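What follows is a single structure, written as structure tokens, with notes after it.
Number of protein chains: 2
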Amino acid sequence: MVHIDISGSTSVCFILGKPIAQVKTPAVFNAWAARTGADAVLVPLALAETGVKPFFQAMGDWENCPGCIVTYPYKQAAYACLHEASETAAFLGACNVVRRDPDGRLVGAITDGLGYAKALVARGVPLEGSDFLLIGAGGAGAAIGHEVARRGVARLAVLELDETRRDTLLRRLEEAFPTVRCFCEPPKDFRFDVACNATPLGMHGEPRLPFPVERLGPATVVTDVVPDPAVTPFLAAARDRGLRIQTGPEMVEGQFAFVIGHLFPAP
Amino acid sequence: MVHIDISGSTSVCFILGKPIAQVKTPAVFNAWAARTGADAVLVPLALAETGVKPFFQAMGDWENCPGCIVTYPYKQAAYACLHEASETAAFLGACNVVRRDPDGRLVGAITDGLGYAKALVARGVPLEGSDFLLIGAGGAGAAIGHEVARRGVARLAVLELDETRRDTLLRRLEEAFPTVRCFCEPPKDFRFDVACNATPLGMHGEPRLPFPVERLGPATVVTDVVPDPAVTPFLAAARDRGLRIQTGPEMVEGQFAFVIGHLFPAP
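Protein chains in written order, with the working numbering: chain A, 1 to 267; chain B, 1 to 267.
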């Protein structure tokens with residue numbers, strides 16, 4: 001229970017998605033506002049698809065709205081409404097946070113990869129020069145692939161059943177980061193410094209493992225983007241073999257500071 | 001300080017206006033929600049004019065938005081976005097509360113006159129058969145004029161410096177309520193049962209009286225729509241002469257139940 005004093009001068013942020021009832025962001029954001037004394041509140045926004053474009057059009061004129069967090073299924077639709085985008089958002093054609101600048105311009109960014117990498121770095125796992133196995137080339141996978149390439153992994157292997165999606169991501173990453181060597185499966189001498197599941201496998205009702213844990217090395221850090229359960233069958237199997245793990249909620253937690261930093265840039 | 005627990009399933013209402021920082025409605029509404037256990041919150045919405053139409057377009061698709069309260073200067077612009085309007089809202093071409101029905105239709109009403117009349121009735125002042133002096137034929141004046149005519153005043157005198165505005169309101173009220181006799185100044189035998197200031201005179205910095213108090217009768221109830229100060233110079237002068245008074249805040253207070261009733265109709 002958060003003590004909030006909403007007045008006529010309170011700034012109003014949103015989290016946009018559909019469905020929206022399950023999101024935890026209002027509680028996290030409003031606790032942050034109460035703790036820091038920010039006169040701001042975040043409320044949920046469940047829009048039917050036809051409302052997305054008019055909402056962002058209105059947001060340009062919404063003088064007490066610092067911005068909007070965006071979740072499934074509107075990250076691409078929100079990107080299409082931006083005036084300006086971060087490098088990663090432009091690469092992905094998607095954004096998960098939109099700031100309204102005082103002149104009404106909408107500036108988007110995507111923090112999934114940032115949160116993921118921040119959590120890894122915080123546990124002392126270097127990305128530069130590493131061999132990185134990415135499983136899944138959808139929205140989350142592409143965001144993480146771009147972020148770890150940007151941070152200078154040596155080799156990136158991307159597993160993805162949809163070959164067109166996989167090859168498109170690999171080609172675009174090679175173009176953007178010529179020093180990163182990209183593979184559609186791990187070469188023989190691949191070191192598996194980090195393995196990342198960016199598929200839905202491991203969610204409740206999806207018990208299959210995305211990759212055989214026994215093929216990983218004894219020093220592999222095994223990570224997952226699935227938010228619930230925190231410890232997926234993949235992570236549990238890795239832990240059983242004595243490997244270090246990083247959960248989906250840890251990645252989400254790592255994102256919050258980037259979201260706040262984007263919505264409320266230092267003057 | 002209101003204790004609010006905003007989650008992903010909380011309903012979100014707005015108060016739209018510009019400027020908006022001065023409004024008290026968020027505190028009043030959110031205290032009501034906390035008291036009644038409604039999982040709903042009201043937040044301020046300061047829109048530049050070009051944002052009004054897209055906002056209401058988005059609101060039609062905003063599945064967790066029960067509706068929006070509207071204040072200066074957007075009561076007419078909001079009316080233009082409605083799918084359906086109350087009789088009084090249609091008469092005035094303005095609304096101060098818009099409900100979003102589950103099918104996305106926007107239904108508007110105007111409660112200024114309702115709140116005013118409710119407060120009068122609550123203090124035992126009958127409107128039916130009375131002689132009513134209305135000073136000012138702007139938005140608030142027209143709303144009150146329509147409401148007291150609907151409630152069967154016998155004679156209505158409307159004072160307004162803008163003669164076109166005055167005569168338009170008088171003509172339209174006569175058309176809508178043929179039994180009410182309308183005047184552009186009080187006839188000799190006018191009883192002044194109620195006098196209402198619906199002009200900005202009496203706001204801070206506007207000390208002039210809208211009407212000479214000595215022309216009113218000893219039984220006149222003197223009322224004002226100015227919200228701040230609560231007791232205007234006009235009301236103070238009336239009170240000094242021993243007349244009963246009704247303040248602007250009392251009218252606003254009378255409106256809240258109508259606003260809630262419109263936003264959350266009984267099933």
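In this text, a Cβ means the ideal position worked out from N, Cα and C, and glycines have one as well. Predicted model, so just to flag it, every value in this text is computed and none were measured.
Item: Rounded Cβ spacing between asparagine 197/A and isoleucine 20/B (contact assumed at less than 8 Å); Value: The Cβ separation is near 46 Å, so there is no contact.
Item: Selected residue, minimal CA-CA separation from lysine 18/A, among Asn30/A, Leu42/A and Ala48/A; Value: Ala48/A
Item: Cutoff 8 Å: leucine 47/A Cβ touching any chain B Cβ; Value: yes
Item: Coarse secondary structure for threonine 223/A, derived from DSSP in three states; Value: strand
Item: Separation of glutamate 160/B from phenylalanine 55/B, as counted between CA atoms; Value: 34 Å
Item: Chain A contact for valine 231/B (CB, 8 Å cutoff); Value: no
Item: Nearest-angstrom beta carbon gap, histidine 146/A and leucine 114/A [assumed within contact, 8 Å]; Value: Not confirmed; about 10 Å, so no contact.
Item: Interface partners of proline 54/B on chain A, CB under 7 Å; Value: Pro54, Gln57 and Ala58
Item: 8 Å Cβ cutoff, asparagine 96/A in contact with chain B; Value: no
Item: Beta carbon of isoleucine 110/A nearer than 8 Å to that of leucine 92/A; Value: yes
Item: Of the residues Arg166/B, Pro233/B, Ala94/B and Asp189/B, the one placed nearest valine 70/B, counting alpha carbons only; Value: Ala94/B
Item: Cβ shell of tyrosine 74/A (< 7 Å), same chain only, five flanking positions each side left out; Value: Leu16, Gly17 and Val52
Item: Range covered by the alpha helix (DSSP H) that runs through glycine 115/B; Value: 112-122
Item: Pairwise C-alpha distance: threonine 164/B and threonine 232/B; Value: 27 Å
Item: Interface partners of isoleucine 245/A on chain B, CB under 9 Å; Value: Residues of chain B passing the Cβ test: none, with the nearest at roughly 28 Å.
Item: Exposed unless 16 or more other CB atoms sit within 10 angstroms - verdict on valine 98/A; Value: buried
Item: Near-chain A residues of the region 11-23 of chain B (beta-carbon distance less than 7 Å), N- to C-terminal order; Value: Val12, Ile20, Ala21, Gln22 and Val23
Item: Backbone secondary structure at aspartate 131/B - three-state DSSP; Value: strand
Item: Three-state class that DSSP yields for asparagine 197/B in the structure shown; Value: strand
Item: DSSP bridge partner residues for alanine 85/B (one or two, in chain order); Value: Gly108/B
Item: Nearest neighbour of alanine 237/B, chosen from Met251/B, Ala143/B, Trp62/B and Pro212/B [CA to CA]; Value: Pro212/B
Item: Residues of its chain near phenylalanine 258/A, where Cβ-Cβ distance is below 6 Å and the 5 sequence neighbours each way are ignored; Value: Thr111 and Leu114
Item: C-beta neighbour in chain B for alanine 27/A, strict 8 Å; Value: yes
Item: First and last residue of the uninterrupted beta strand (DSSP E) at arginine 181/A; Value: 181-183
Item: CA-to-CA distance, threonine 25/A to aspartate 228/A, given in whole angstroms; Value: 15 Å
Item: Neighbour-count burial assignment, glycine 217/A, 16 or more Cβ in a 10 Å radius; Value: exposed
Item: Alpha helix (DSSP H) segment containing glycine 139/B, residue limits; Value: 139-150
Item: Residue interval of the alpha helix (DSSP H) (run including isoleucine 260/B); Value: 248-263
Item: Chain-order list of residues whose beta-carbon lies under 7 Å from that of proline 249/B (same chain, five-residue window excluded); Value: Pro227 and Ala230
Item: Per-residue burial, histidine 262/B [other beta carbons within 10 Å of its own, 16 or more giving buried]; Value: buried
Item: Where threonine 88/B meets chain A, residues with beta-carbon distance less than 7 Å; Value: Those within 7 Å of threonine 88/B in chain A number zero; the least Cβ separation is about 26 Å.
Item: Arginine 215/B - containing alpha helix (DSSP H), residue span; Value: Where arginine 215/B is concerned, there is no enclosing alpha helix (DSSP H), given that its DSSP letter is neither H nor E.
Item: Test item: CB-CB of proline 265/B and valine 12/A under 8 Å; Value: no
Item: Min CB distance aspartate 61/A to chain C below 8 Å; Value: As a matter of chain content, chain C is missing from the structure shown, whose protein chains are A and B.
Item: Nearest candidate by alpha-carbon position, reference aspartate 131/A, set Ala117/A, Leu120/A and Ala154/A; Value: Ala154/A
Item: Phenylalanine 14/B - DSSP class collapsed to helix/strand/coil; Value: strand
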